[in-house]
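Structure first, commentary second.
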Amino acid sequence: MKLKYIMLVPAGLLILLVLLWTVAVPVDLIRDRLESAVAGQADGNAALSVNGLRKGIFFTLYADSLDLKIDNRPALMITDFTGSFSPRYLAGKKLAFDIKGKMGRGDVSGILKLPLEGSIKTDRAELSEIPYLKRFDTGINGHVSSDMTIKDNTIKIVFNVPDLSIDDSASVVPLLNTFTKLQGALTVNDNTIHVDSISLEGEKGYARLKGSISGNVMALSLELMPVAGKLTSLESMLIGKYITSPGYYTVPINGPLPR
172 MKLKYIMLVP AGLLILLVLL WTVAVPVDLI RDRLESAVAG QADGNAALSV NGLRKGIFFT
232 LYADSLDLKI DNRPALMITD FTGSFSPRYL AGKKLAFDIK GKMGRGDVSG ILKLPLEGSI
292 KTDRAELSEI PYLKRFDTGI NGHVSSDMTI KDNTIKIVFN VPDLSIDDSA SVVPLLNTFT
352 KLQGALTVND NTIHVDSISL EGEKGYARLK GSISGNVMAL SLELMPVAGK LTSLESMLIG
412 KYITSPGYYT VPINGPLPR
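Sequential numbering of the sequence shown, starting at 172, is according to our numbering.
As structure tokens, this is what we get:
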């Protein structure tokens, strides 16, 4: 009989915790904690809006969308969000959730630890569904897969776009619409995006983007390495003024980001 009562103790505790979660933890408090975790980052310029948040049983959260803004402009949206409490991080005094969601028709999954730490994977999300990219005067399409880690106020992103399509009718960057593959790595720290390495590939050659974007000001350079004999006369003329050495061109991309 004693064993029976002992076994009832954890079951009773679980029921109590579920009741506390369901009744005593307001949805508004959870929303405020999530939004404050993003807004409270040092020197940050990001803000998170959690829309349609609701609780499920067993410490599960649902939201219609998570909307991230940078400089008060839409940057990223995750829809059909689900967060399930992950107890394995309690030993490290971390409140953590396994998360799932959608970015366009692409999948988002990972682990998010509060106040703000974790790793998030994106699989075949449409570039056209990333609001941040729409601020550039260039149509960018394709599907991106990425791995993102968040730790110590720093976000690191490694990504790959195997089916890149760029409409640069309004762009002044030469050869941009000839690239069909994109891969690279970024680091976001405070108010600066560091372009660690971004490479582009297409039938007319290769390119590498380097530099940073800090305080909405670009300090980037695009290194072009065209394949000999692949360029039209017009394309050769457009990149001619950027020549650094035979077969190698450096295009500066400086100034404020488009509003």
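Just so it is clear, CB atoms sit at the ideal spot from N, CA and C, and this is done for glycine as well.
query	result
Using beta-carbon positions only, say whether residue 281 and residue 289 come within less than 9 Å of one another.	yes
Which residues does DSSP pair with residue 382 in a beta bridge?	366 and 391
Just the C-alpha distance for residue 284 and residue 412, rounded to the nearest angstrom, thanks.	49 Å
In angstroms, rounded to a whole number, what distance separates the CA positions of residue 249 and residue 408?	43 Å
Rounded to whole angstroms, what is the Cα-Cα separation between residue 392 and residue 209?	30 Å
Here's the rule I'm using: 16 or more other beta-carbon atoms within 10 Å means buried, otherwise exposed. How should residue 416 be labelled?	exposed
Going residue by residue through the stretch 298-361, where are the continuous beta strand (DSSP E) segments of at least 3 residues, counting only ones entirely within it?	310-312, 314-322, 325-332, 336-338 and 350-360
Applying the 10 Å Cβ sphere with the 16-neighbour rule, what's the burial state of residue 399?	exposed
Using a Cβ-Cβ cutoff of less than 7 Å, which residues in the same chain neighbour residue 297 once the five nearest sequence positions on both sides are dropped?	275, 276, 277 and 314
Mind checking who residue 244 pairs with in its DSSP beta bridge?	241
Looking at the structure shown, is residue 374 part of a helix, part of a strand, or coil, going by DSSP?	coil
Just checking my contact of residue 376 with residue 396 at CB under 8 Å: how many whole Å lie between their CB atoms?	5 Å
Counting along the chain, where does the alpha helix (DSSP H) carrying residue 411 start and finish?	404-411
Sorted by chain position, which residues of the same chain lie with C-beta nearer than 8 Å to residue 337's C-beta, five sequence neighbours on each side aside?	309, 310, 311, 312, 347, 348 and 350
When you compare each of 230, 217 and 236 to residue 223 by their alpha carbons, which one comes out closest?	236
Are there 16 or more other CB atoms within 10 angstroms of the CB of residue 384, so buried, or fewer, so exposed?	buried
So residue 279 is in the beta strand (DSSP E); what residue range does that whole segment cover?	277-285
What does the Cβ neighbour count give for residue 213, buried or exposed, with the cut at 16 atoms within 10 Å?	At residue 213, the pLDDT of 47 sits below 50, so the modelled position is not reliable and the matter cannot be decided from this model.
Restricting to Cα atoms, I'd like to know which of 286, 330 and 300 is closest to residue 443.	No answer is possible for residue 443: the residues shown for the chain start at 172 and end at 430.
Could you tell me which residues DSSP puts in a beta bridge with residue 400?	None, per the DSSP bridge assignment.
Leaving out the 5 sequence neighbours to the left and right, which residues in its chain are closer than 7 Å to residue 423 when beta-carbon positions are compared?	392
Look up residue 224 in the DSSP assignment and say whether it is helix, strand or coil.	coil
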